[in-house]
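Numbering of the sequence shown is given in numbering that gives the first Met the number 0, commencing with residue 0 and proceeding in unit increments.
Yeah, the Cβ is synthetic: ideal placement off N, Cα and C, and Gly gets one too.
Quick notes on the structure that follows.
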Amino acid sequence: MYTFSSRLRMASFIMMIVGLLGIGIGFMSAPSTVEEAKAMVASHDGGHGDAHAEEVGLAEANAHGEHAEAHDAAHDEHVLHQLQNKPWSALYVAAFFFFMIALGVLAFYAIQRASQAGWSPLLFRVMEGITAYLVPGGIIIFVILVLSVLHMNHLFVWMDADVVAHDKLLMGKSGYLNPTFFLIRAAIFLGGWILYREYSRKLSLKQDASDDNSNFKLNFRISAAFLVFYLISESIMSWDWIMSVDPHWFSTLFGWYVFASMIVSGITVIAMVTIYLKSKDYLPDVNDSHIHDLAKFMFGFSVFWTYLWFSQFMLIWYSNIPEEVTYYVTRIEDFKLPFFGMVVMNFVLPLLLLMNSDYKRINWFVILTGIIILAGHYMDIFNMIMPSTVGDQWSIGIPEIGAILFFAGLFIFWVFRALTKAPLQPKRNPFIEESRHFHY
């Protein structure tokens, strides 16, 4: 039975406290008036915001005429909303990132169950521990969505009735993009994911105390059915929670793109938690071949993510359709470093670091690569959300770092607390011996 070390527990609490302070500073420093917003932008002399000051509509000294004044006033209001969105966006990006890790692990876990994989049963308790975060993570996401519907922020412009009333495209989508249906879908998805996790975990524990394989077989059947629900719900979730922050743009493979980011991040965390537990003399039967297989999945899904990223980018760039290409124009012009930097972290470095088969068996090397992959996929989510919510007013400062620390601390606390609830090694899984003797 795993014991949650006091040092790790204390570290998670410290991260949450420091993170809350950073989040609080972000909200307190957000402007409340147009004048405050203009002063904040003007104070960033030499920053990336100044280069586009005229584009974002700061009032110009030589503005004249009623039309120019109205135009400037509208853009000043837009800048105010962008700056007010910064702490909300930082919170949302970090909240979704850690939630998607747990959801990616859940998908991988269901795949292992449905395929009756023989190599992975020794890792099931680790996966079940990580997916425990779906409950607090899902609640936080849902609360943020509810607050968005209540107009506490401007993350989703289609939630503003005045904006929709003057936008024919959004009016045409209002049957789907409306606050009530949006929250209903979110509740169904979160309920379905959490229900499967809790029931599958219950069957997994019951199997250890059973004298037959009935619980194992039932887990197999519900896992296969869940994967159908997951593939549908994950795609729609990606449209709702991420793509709709820019409701004029769409991509038909966006659901797969988010899935790739989700599952490679999840597998990376499985590997990192497993290596940590082994370093503390838990999971004695997990060997280098298990770590090697996890590292191969990290490598393979990093390539898969790159394939989807390039397919989406290349087709939109080559076709050069204005309503599609503006998505990438914004990111290349205003987010050049995070946009291309995440490609390096998500593809180039994992490719170089994990290409050699021997390196996949070196624990510290897998951890190093895992840190790079997780940082890269945080930047991926950052690039999905920030251009639409904060525009060129973006930065990685106190609210962003604070949100990462808070959710990382909460994630660590919840996952490792869940690992203490049951023995780390299943006893009566029919494939446990195959997993125990997994060598190559």
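Where residue i sits in the DSSP three-state scheme
{"i": "Tyr-91", "result": "helix"}
{"i": "Tyr-443", "result": "What is shown of the chain runs 0 to 439, which leaves residue 443 out entirely."}
{"i": "Ile-262", "result": "helix"}
{"i": "Ile-16", "result": "helix"}
{"i": "Met-148", "result": "Before going on, a small fix: residue 148 reads as Val here, not Met. Correct three-state label for Val-148: helix."}
{"i": "Pro-386", "result": "helix"}
{"i": "His-438", "result": "coil"}
{"i": "Gly-128", "result": "helix"}
{"i": "Met-170", "result": "helix"}
{"i": "Trp-248", "result": "coil"}
{"i": "Gly-103", "result": "helix"}
{"i": "Ile-229", "result": "The residue you asked about is not Ile; residue 229 is Tyr in the sequence shown. It is helical."}
{"i": "Ala-10", "result": "helix"}
{"i": "Lys-136", "result": "The sequence shown places Gly at residue 136, not Lys. It is helical."}
{"i": "Ser-119", "result": "coil"}
{"i": "Met-0", "result": "coil"}
{"i": "Trp-363", "result": "helix"}
{"i": "Asn-218", "result": "helix"}
{"i": "Ala-52", "result": "Low confidence applies to Ala-52: its pLDDT is 42, below 50, so where it sits in the model is not reliable, and the reading given next is rough at best. Coil."}
{"i": "Ser-394", "result": "coil"}
{"i": "Asp-211", "result": "coil"}
{"i": "Arg-427", "result": "coil"}
{"i": "Asp-379", "result": "helix"}
Alpha-carbon spacing of residue i relative to residue j, whole angstroms
{"i": "Gly-340", "j": "Ser-114", "result": "36 Å"}
{"i": "Val-328", "j": "Ile-13", "result": "40 Å"}
{"i": "Thr-388", "j": "Leu-189", "result": "24 Å"}
{"i": "Lys-85", "j": "Leu-336", "result": "18 Å"}
{"i": "Ala-10", "j": "Gly-408", "result": "7 Å"}
{"i": "Pro-321", "j": "His-247", "result": "11 Å"}
{"i": "Phe-258", "j": "Ile-370", "result": "19 Å"}
{"i": "Lys-449", "j": "Trp-192", "result": "Residue 449 is absent from the model: the chain starts at 0 and stops at 439."}
{"i": "Ser-318", "j": "Lys-167", "result": "24 Å"}
{"i": "Lys-426", "j": "Phe-225", "result": "24 Å"}
{"i": "Lys-216", "j": "His-165", "result": "55 Å"}
{"i": "Ile-366", "j": "Met-271", "result": "6 Å"}
{"i": "Ile-331", "j": "Leu-352", "result": "27 Å"}
{"i": "Asp-210", "j": "Asp-245", "result": "54 Å"}
{"i": "Asp-450", "j": "Ala-116", "result": "Residue numbering for the chain in the displayed model covers 0 to 439; residue 450 lies beyond these limits and cannot be assessed."}
{"i": "Met-297", "j": "Met-27", "result": "39 Å"}
{"i": "Leu-282", "j": "Leu-122", "result": "9 Å"}
{"i": "Gly-23", "j": "Glu-35", "result": "18 Å"}
{"i": "Met-313", "j": "Pro-386", "result": "19 Å"}
{"i": "Met-236", "j": "Met-383", "result": "14 Å"}
{"i": "Ser-173", "j": "Leu-373", "result": "35 Å"}
{"i": "Asn-362", "j": "Phe-405", "result": "27 Å"}
{"i": "Asp-280", "j": "Trp-118", "result": "20 Å"}
{"i": "Leu-20", "j": "Ile-397", "result": "9 Å"}
{"i": "Asp-239", "j": "Ser-250", "result": "13 Å"}
{"i": "Gly-46", "j": "Ile-403", "result": "Confidence is the limiting factor: at Gly-46 the pLDDT is only 45, short of 50, which leaves the residue's position unreliable and the question unanswerable from this model."}
{"i": "Asp-510", "j": "Lys-37", "result": "Within the shown structure, residues of the chain are numbered from 0 to 439, placing residue 510 beyond reach of any answer."}
{"i": "Leu-102", "j": "Trp-255", "result": "14 Å"}
{"i": "Lys-295", "j": "Ser-5", "result": "33 Å"}
Start and end residues, alpha helix (DSSP H) containing residue i
{"i": "Met-242", "result": "Premise fails: Met-242 is in no alpha helix (DSSP H) and is neither H nor E."}
{"i": "Ser-310", "result": "287-318"}
{"i": "Trp-413", "result": "397-418"}
{"i": "Trp-192", "result": "178-208"}
{"i": "Ala-41", "result": "33-42"}
{"i": "Lys-335", "result": "335-342"}
{"i": "Ile-161", "result": "It should be noted that the sequence gives Asp, not Ile, for residue 161. Here the alpha helix (DSSP H) through Asp-161 covers 160-164."}
{"i": "Pro-349", "result": "348-353"}
Sub-8 Å separation of residue i and residue j beta-carbons
{"i": "Gly-18", "j": "Gly-299", "result": "no"}
{"i": "Tyr-377", "j": "Phe-96", "result": "yes"}
{"i": "Thr-267", "j": "Ile-290", "result": "no"}
{"i": "Gly-390", "j": "Asn-345", "result": "no"}
{"i": "Tyr-229", "j": "Ala-109", "result": "yes"}
{"i": "Leu-8", "j": "Phe-430", "result": "Looking at the sequence shown, residue 8 is not Leu but Arg. No, Cβ-Cβ distance for Arg-8 and Phe-430 is not below 8 Å."}
{"i": "Val-125", "j": "Ile-262", "result": "no"}
{"i": "Val-78", "j": "Val-40", "result": "yes"}
{"i": "His-438", "j": "Asn-286", "result": "yes"}
{"i": "Trp-393", "j": "Phe-334", "result": "yes"}
{"i": "Asp-284", "j": "Arg-435", "result": "yes"}
{"i": "Arg-416", "j": "Phe-107", "result": "no"}
{"i": "Leu-149", "j": "Ser-243", "result": "no"}
{"i": "Gly-128", "j": "Phe-98", "result": "no"}
{"i": "Ala-308", "j": "Val-342", "result": "For clarity, residue 308 is Trp in the given sequence; the question names Ala instead. Cβ atoms of Trp-308 and Val-342: closer than 8 Å."}
{"i": "Asn-428", "j": "Gln-206", "result": "yes"}
{"i": "Tyr-1", "j": "Leu-293", "result": "no"}
inquiry  = Check whether the segment 140-154 and the segment 87-96 touch, using three or more Cβ-Cβ pairs below 8 Å as the test.
reply    = Because the criterion of three Cβ pairs below 8 Å is met, the segment 140-154 and the segment 87-96 touch.
request  = Could you tell me whether the segment 173-183 touches the segment 214-234, where touching means 3 or more Cβ pairs closer than 8 Å?
outcome  = no
ask   = Would you say the segment 143-152 touches the segment 119-133, given that touching needs at least three Cβ pairs under 8 Å?
value = no
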